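Some notes on the structure that comes next.
Protein chains: 4
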Amino acid sequence: MALKGVTRASLMQVRVLDLEKSLQFYRDILGLVEVCRTTDGRICLKGYDEFDHHTFVIREADKPGLDFLAFKADSDQTLTEIEANTKKFGFPCEVIPANSDQPGYGRRVSVKVPTGHRIDIFAEVEMSKQHPDVKNPEIWPNGIPPIGVGACAFDHALLFGPNASETVRYFKEVLGLGVAEVAKTPDGQGDLCTWLTGSNRPHDVAVLEFAHPGKVHHYAFKLNSWTDVGRAADILTINNVVIDAGPMRHGITRGYTLYFFDPSGNRCELFAGGYAYYPDMPVRVWDFDQVGKGIFYYDRKLKDNYLEVVT
Amino acid sequence: MALKGVTRASLMQVRVLDLEKSLQFYRDILGLVEVCRTTDGRICLKGYDEFDHHTFVIREADKPGLDFLAFKADSDQTLTEIEANTKKFGFPCEVIPANSDQPGYGRRVSVKVPTGHRIDIFAEVEMSKQHPDVKNPEIWPNGIPPIGVGACAFDHALLFGPNASETVRYFKEVLGLGVAEVAKTPDGQGDLCTWLTGSNRPHDVAVLEFAHPGKVHHYAFKLNSWTDVGRAADILTINNVVIDAGPMRHGITRGYTLYFFDPSGNRCELFAGGYAYYPDMPVRVWDFDQVGKGIFYYDRKLKDNYLEVVT
Amino acid sequence: MALKGVTRASLMQVRVLDLEKSLQFYRDILGLVEVCRTTDGRICLKGYDEFDHHTFVIREADKPGLDFLAFKADSDQTLTEIEANTKKFGFPCEVIPANSDQPGYGRRVSVKVPTGHRIDIFAEVEMSKQHPDVKNPEIWPNGIPPIGVGACAFDHALLFGPNASETVRYFKEVLGLGVAEVAKTPDGQGDLCTWLTGSNRPHDVAVLEFAHPGKVHHYAFKLNSWTDVGRAADILTINNVVIDAGPMRHGITRGYTLYFFDPSGNRCELFAGGYAYYPDMPVRVWDFDQVGKGIFYYDRKLKDNYLEVVT
Amino acid sequence: MALKGVTRASLMQVRVLDLEKSLQFYRDILGLVEVCRTTDGRICLKGYDEFDHHTFVIREADKPGLDFLAFKADSDQTLTEIEANTKKFGFPCEVIPANSDQPGYGRRVSVKVPTGHRIDIFAEVEMSKQHPDVKNPEIWPNGIPPIGVGACAFDHALLFGPNASETVRYFKEVLGLGVAEVAKTPDGQGDLCTWLTGSNRPHDVAVLEFAHPGKVHHYAFKLNSWTDVGRAADILTINNVVIDAGPMRHGITRGYTLYFFDPSGNRCELFAGGYAYYPDMPVRVWDFDQVGKGIFYYDRKLKDNYLEVVT
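Protein chains in written order, with the numbering used here: chain R, 1 to 311; chain E, 312 to 622; chain V, 623 to 933; chain S, 934 to 1244.
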């Protein structure tokens, strides 16, 4: 296989303030599929176009935010290598046994990165019963059109925290992710933000230097087109969802985007398009004073508080 | 890097009957960028969104068709391994020195596969001067909108020839491509056609069992959306290009598509969308009697002579 | 008002072979709203974006086809004038009293035109309870997204019959419709087909010279965009609806189009776009040998039997 | 004809600070066609999809803003009636002779309305040599794709001034325009803004109560789709045009929109879609506290200074 090692960000667990209200949001408005509930009351969901058991979990808590982001590796052997290399790299890690907190999932290597986030890596997961057709497939599973905005898959997350360069180095050197784009610090010497990917996606994860550890700026689900992004804005509006920015385009990744908040204040994104990344491409570099254009391509300046509001 | 080994089909040389007429077609109508002419009179082109020196070459000849299709490997070491593995696999191969027939290209391993096609593999190529922006990039190189239909990159080719299963086995076992979809023979025992990929693309190459060796059914350039496919049909029409089929959708790959003929009778495709393939996905399988739907999703039957007209 | 007299084709009654199957087709797949059933068992429907009580009626019968097409006039006074002018013009006409066969409708002037069709004209109709929002309106009634393909309104019909020029003359001289486009007969002397409109729509009705009287080639519902036409093809396909042609574009009207058959064999169209007609525009004229391009802009030739299959 | 009387806003003359820079903006970026220059140095332009001689004129001056907005009437007889009715209505008006300041134009009735704007009405104008095809028409004139953002026609203007209700009453009672939507004043008693139309367009002109006379908030050119609006944002961005708001959607008219400034500070709009207005529709009414949603449907609040920045 040409796609080897860690191929994608593919599971995320987030904290929400009200479970049922959040379920209604992610299922009925974003269009995620409800897969199951865990014995401790979390809800597992997935995009209609994903094969894995589930890819997004909501957990009721006092504060919103991210519990962990997980990456999928191509084999158990790769996972074993990652465990060894993580220890060698010097980051604390433990192994979470199969079928403990995540139904259908094999063992996970769980790493604490310096930005304060928990990053899991796994290789095995059961196929969801609600998977895309495999035999004479219709374009939608069982020929049933997606509901809500039709989010088809988990896409990526933007993490905020201190010592971003060390987290990035881990993602590159141990997980083997490629760097698609970098935004420089004001003095041009350091990296303010780095966009990394395990495949053609322009990003699976991005990491931005930030004073407070363990923060998530947003996480994104995939749509198929600019038209879908526009229709999503229509549907979010009629459902009184607070839109933060967009529909618009990023300079960085060139993707079409819409930012909005879930009922708990977690910023979500719907993302479509973007170029196809290959590791033989040069890293695209943004000067600090062009970051506004990089994110808000049409307005060419950052929205007020855009980099301050996180969960 | 998570994208390793052979990552994509990325260079093709085709025969055309009239060089200047073909240049006008590929450059002014499809929107490819003219890069250079070789000393022996061939013309090298590329998509505006590609970094490599060139990715598409036209050569004047008496008959249209394919000279060779080339894949890009991630390193010279991989190339050396492929050379050894090809010999071990038992297929004849030779090495074409750097900078011989393809300006800017490093050495290529050139293999004759049983379907009668020449397949090259290379690892090194110079970056084109007309590459996408790398520093504070605009969405188009230098902020100049693409011309014509705006084909942004070479995408894939469908090869026809005998002993398809052997060529497929080589693509899988030596080049490491993944199988995204398969169409079965009438008896359900064999494979009529196999779609293979080196990345998230749903296909880089497909191979169909056919009596005559070395044939190409079509080769495709990438567009960004269904809307671009529709606009391409408008632009081909006002330029009197013969449209073969579409705008429509494939069931196989789920891509949006438009087929048409270049001035020499080579069938071209403009392809957009399609799902993101990952190697942990099951192979999608089409029964023989559903192949019409697989290719012509809306009409649900093959167009007359669709499988007979090749070059 | 600048839109005066007869402003649009806005009501149609068609024959279907199986009422419930047809309801399922028009309501669940095309997305029309079911308004009511008449005491004699017909079903009244409308597009979600229409204010009138209903605009489309299906009646169970032995043969498919058109019962009548009705136009809306701006006032009862205009209706009275049309009645007088129809008699003066020499066409048989009668008045159908208010609230007889069409619930919610005022009196209709019913005319038999030489092509063998029944054409009604009315001025008064109750507003549907399921009308678009009027107070702080959402983009969809009550903020509920359309279902199925989301047909938003009745759009137009293409009538086939003998003495087309006389029916056209009536539409122009008595109903006051404007001629947007004309296709000429092979000798260039006569009109094979005429496209007429009461507003900016490029057509409300078209009339084609044909040996058999009272035939309908197709009737169309409105979509909002090329993207909606593509999505409609997806939805018709997963519902196993037979697609006749498209997604494609017309040269005539420049509209985007998809043709398909209802369960009784009536050809339907989904139509989007097209230029905005104004009466000060010259009539656009198509030579007979260009009619293929006029209808099938991308293929530039008529599909086999396209002009023969009617109901 | 069903479209009678005054059918559309169809000519506008605006003041710009630098003529050549403005020409470059309107021609090369917006894609208007340069038709001619007047002897006194103004430049006449038109959309590629318009038949009239020209529809947009730029005049170099010290301050940006609107010279006049003109409506087209269906006949010279209508124009004579409008002249008489204007005098009867009590507004000052004069007749501008044919071929004086506007090349190719017949006589115009020129009216000073209480909001401080000059409104012209005309009936006769020569057809432009660069008109859409009439004989076997391609979808674009001579089969040449539009340049820049591809603005196809003048669409509408939003006028600001005192005594808006009197200007509106004139538009309704003398010009015969229909009222599509109204936004109420804070007390719910009066009309803050009124949207009027002469055809299916959701608006040809809108008038908003404002302290300063003769102001224009924006004028709009037509695009064909949401996709075109997105592509326009791309093209404006690479040309460093200041985008004021959008891509987004209006609740009012339901159109897709993008606001930006010409080099002189005149706010322009690119507008696509919107419902088809008919005079038998009820007027849509917006409460004052919902006007933000009416204009900025996705953000649901007015952008700061949106109602203050005018020329």
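Glycine included, each C-beta is placed from N, C-alpha and C at the ideal position. The model shown is predicted, which means the values in this text are computed figures rather than measured ones.
- Taken atom to atom, the span from the alpha-carbon of S:Gly1207 to that of S:Tyr1189 is near 7 Å.
- Rounded to whole angstroms, the Cβ separation of S:Ser1158 and V:Trp848 is 7 Å, and the two are in contact under 8 Å.
- For a cut-off of 8 Å, the C-beta gap from R:Asp76 to R:Ala123 is around 5 Å, short enough to register as a contact.
- Between R:Gly198 and R:Arg8, the gap from beta carbon to beta carbon is short of 8 Å.
- For V:Ile761, there is no enclosing alpha helix (DSSP H), as DSSP marks it with neither H nor E.
- In the DSSP assignment, E:Met323 is bridged to E:Phe367 and E:Leu380.
- Within the region 498-521 of chain E, no residue places its CB atom closer than 7 Å to a CB of chain S.
- The Cβ-Cβ distance between R:Leu30 and R:Gly214 does not fall below 8 Å.
- For S:Gly1111, the uninterrupted beta strand (DSSP E) segment begins and ends at Gly1111 to Lys1117.
- Among the residues facing chain R, E:Asp431 is not included, as its CB has no counterpart in that chain under 8 Å away.
- If one requires a minimum length of 3 residues, the beta strand (DSSP E) runs lying completely within the region 1096-1155 of chain S are 1111-1117, 1124-1130, 1138-1142 and 1148-1155, in chain order.
- Nothing from the region 44-73 of chain R brings a Cβ to less than 9 Å from some Cβ of chain S.
- In this structure, DSSP gives S:Gly1227 a helical state, which the three-state scheme calls helix.
- Look at V:Trp908: its C-beta is not under 8 Å from any C-beta on chain E.
- Taken in chain order, the complete beta strand (DSSP E) segments of 3 residues or longer contained in the region 1175-1225 of chain S are 1176-1182, 1188-1194, 1200-1206 and 1217-1219.
- Counting along the chain, E:Ser421 sits inside the beta strand (DSSP E) bounded by residues Arg419 to Lys423.
- The beta-bridge partner set that DSSP reports for V:Phe744 consists of V:Lys694 and V:Arg730.
- Contact annotation for R:Asp234 against chain V: Ile761 [CB-CB distance below 7 Å, chain order].
- Secondary structure at E:Asp539: helix, using DSSP grouped into helix, strand and coil.
- A Cβ-Cβ distance of about 12 Å is found for the pair E:Ala395 and E:Ile432, leaving them out of contact under the 8 Å criterion.
- Contact between the region 463-482 of chain E and the region 410-417 of chain E is absent: fewer than three C-beta pairs spanning the two stretches fall below 8 Å.
- Flagged as an interface residue toward chain S: V:Tyr900, by a C-beta distance shorter than 8 Å.
- The beta-carbon of V:Val657 is placed no less than 8 Å from the nearest beta-carbon of chain S.
- Three or more beta-carbon pairs separated by less than 8 Å are not found between the region 437-448 of chain E and the region 486-503 of chain E, which leaves the two stretches without contact.
- Non-local C-beta neighbours of E:Tyr481 in its own chain, meaning closer than 7 Å and more than five positions away in sequence, comprise Phe400, Phe402 and Val424, ordered along the chain.
- R:Leu175 has its alpha-carbon roughly 21 Å from the corresponding atom of E:Gly489.
- For the options E:Val420, E:Ala313, E:Val479 and E:Ile407, the alpha carbon positioned closest to that of E:Leu503 is the one of E:Val479.
- Taking 7 Å as the upper bound on Cβ-Cβ separation, chain V lies near residues Ile238 of the region 236-259 of chain R.
- For R:Ser10, the closest alpha carbon among the candidates R:Asp28, R:Glu34 and R:His54 is that of R:His54.
- Residue contact check for V:Ala773 against chain S: no CB pair falls below 8 Å.
- Counting every other CB atom within 10 Å of its CB across the protein chains shown gives R:Gln189 a total below 16, marking it as exposed.
- With respect to the 8 Å criterion, R:Arg15 and R:Ala70 are not classified as neighbours on the basis of their beta carbons.
- R:Leu208 places its beta carbon less than 8 Å from that of R:His217.
- Taking the beta carbon of R:Gly5 as reference, the chain E residues within 7 Å of it are Ala313, listed in sequence order.
- With respect to chain S, the C-beta atom of E:Thr538 has a partner C-beta closer than 8 Å.
- Taking a Cβ-Cβ threshold of 9 Å, none of the residues of chain E is close to V:Asp884; the smallest such distance is about 17 Å.
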